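Residue numbers (the working numbering): 69 to 138.
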């Protein structure tokens, strides 16, 4: 019985450790997504795929209406 409790406790600790690692990685990714960098990447993609700002705006509005993005 004690062994099961200890094992369960370790599993919970491992889950918590993994969650913290994931949370840290997510926070790091958000910090790296600075506004200027995002805009530069977006403009480069728009140029690469020959998309105007109007077509990208229309696409984003459609995705919002369909509930695919917030």
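Built from N, CA and C at the ideal position, the CB exists for glycine as well. Model, not experiment: these values are computed from the prediction.
Over what stretch of residues does the alpha helix (DSSP H) that includes residue i continue unbroken?
i: residue 122; result: 121-133
Report the three-state DSSP secondary structure of residue i (helix, strand or coil).
i: residue 107; result: helix
i: residue 136; result: coil
i: residue 112; result: helix
i: residue 95; result: helix
i: residue 89; result: helix
i: residue 102; result: coil
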